[in-house]
Amino acid sequence: MALSVPVNGVNEEGDKEPVIELFVKAGSDGESIGNCPFSQRLFMILWLKGVVFSVTTVDLKRKPADLQNLAPGTHPPFITFNNEVKTDVNKIEEYSKLSAKHPESNTAGMDIFAKFSAFIKNSRPEANEALERGLLKTLQKLDDYLNTPLPEEIDENSMEDVPVSTRKFLDGDEMTLADCNLLPKLHIVKVVAKKYRNFDIPKAMTGIWRYLSNAYSRDEFTNTCPGDKEIEIAYSDVAKRLTK
C-alpha cells in the first residue's frame with residue numbers, strides 16, 4: 001500500500017526535492033502500517049523534516065518481486081532517494097533543526113524498553129513482581145525528567161520557583177529526534193503491558209501522561225503509528241503467559 005504525505009516540495013534553497021519513498025513493515029492485513037518502532041521513527045523524522053515523500057507498506061510474508069529487485073535482501077524500514085536505496089539512514093537523522101538542545105533529552109527513557117521486554121517475556125510468576133518494579137523504576141525516572149523544568153522554563157528574575165515543567169515533549173514544546181526515538185516504544189509499552197499483563201502506567205506519573213497526551217494530538221505521531229490491534233498481534237507470540 002502506498003500513502004502520500006503532501007508537504008511543500010521545494011527546499012530552503014529553492015531547489016526541487018528528490019523523490020523520496022519510505023518502505024515500512026505492513027500490518028497483519030498486508031496493507032496497513034505494521035508494528036515496527038524503527039519504521040515509525042523514520043516516518044516521524046521525514047514528516048518533521050517537512051519533505052515530500054511517499055510511504056509503501058511491505059508485506060514480509062510475500063515480498064513483491066519488484067521490491068526484491070529494488071532492494072534484494074533488505075528488510076524495511078529503508079528509504080529510496082530517486083530510486084536509489086538508502087539503508088544507512090544516519091544522514092537523514094543528521095538534521096540540526098530536529099536535534100535536542102539538551103543532551104539529557106536524548107537519553108531520557110532509553111532503558112524503558114529493555115525492562116519492558118524482560119517483563120513481558122517472563123513466564124515465571126515468582127519473577128513477575130521484581131520485573132514489574134524494574135519497569136516502574138525506569139518509568140519513574142522518565143516521569144521525573146519530564147516534570148523537571150528545563151532551564152528555559154525558569155525565570156531567573158522571578159522569586160517564585162517553577163515546581164513542575166509544563167513542556168509538551170522531551171526537549172521543549174516541539175518534537176525532536178529524541179521524541180522520534182522514544183515515543184514509538186513508549187506507546188508499545190502502554191498498549192502491550194495493558195493487554196498481556198493488565199499493567200497501566202500509573203496515573204500519578206503525570207509527566208508521562210502529559211507527554212503521551214501531547215503526542216496523541218500530533219499528526220506526526222498518530223498518522224505514523226500502527227493501530228493498537230496491530231501492536232497486540234505483533235506481541236501475541238512474544239508475551240509469555242505466567243505459568244505455575
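Numbering (UniProt numbering), first residue to last: 1 to 244. Using N, Cα and C, we set each Cβ at its ideal position, and we do this for glycine too.
Query	Result
Given a threshold of 16 other Cβ atoms within 10 Å of its Cβ, counted over all protein chains shown, does H187 qualify as buried or as exposed?	buried
Based on DSSP bridge pairs, tell me the residues matched to F78.	F23
Return the Cβ separation of G207 and D143 in integer angstroms, given the expectation that the two are a contact with Cβ distance under 8 Å.	4 Å
What's the gap between the Cα of A239 and the Cα of A204?	26 Å
Assuming F53 and L46 are in contact, meaning their beta carbons sit under 8 Å apart, how far apart are those beta carbons, in whole angstroms?	5 Å
What three-state label does DSSP hand I154 in the structure shown?	coil
State the Cα-Cα distance for the pair T222 and Y216, rounded to the nearest angstrom.	6 Å
Mapping DSSP to helix, strand and coil, what is F199?	coil
If you drop the 5 nearest sequence neighbours on each side, which residues of the same chain put their C-beta closer than 6 Å to that of N35?	P226, E230, I231, A234
Just list the residues that DSSP pairs E84 with in beta bridges.	F81
Ordered along the chain, which non-local residues of its own chain (more than five positions away) have a Cβ less than 6 Å from that of residue 266?	The structure shown does not extend to residue 266, since the chain is modelled only from 1 through 244, so no value can be given for it.
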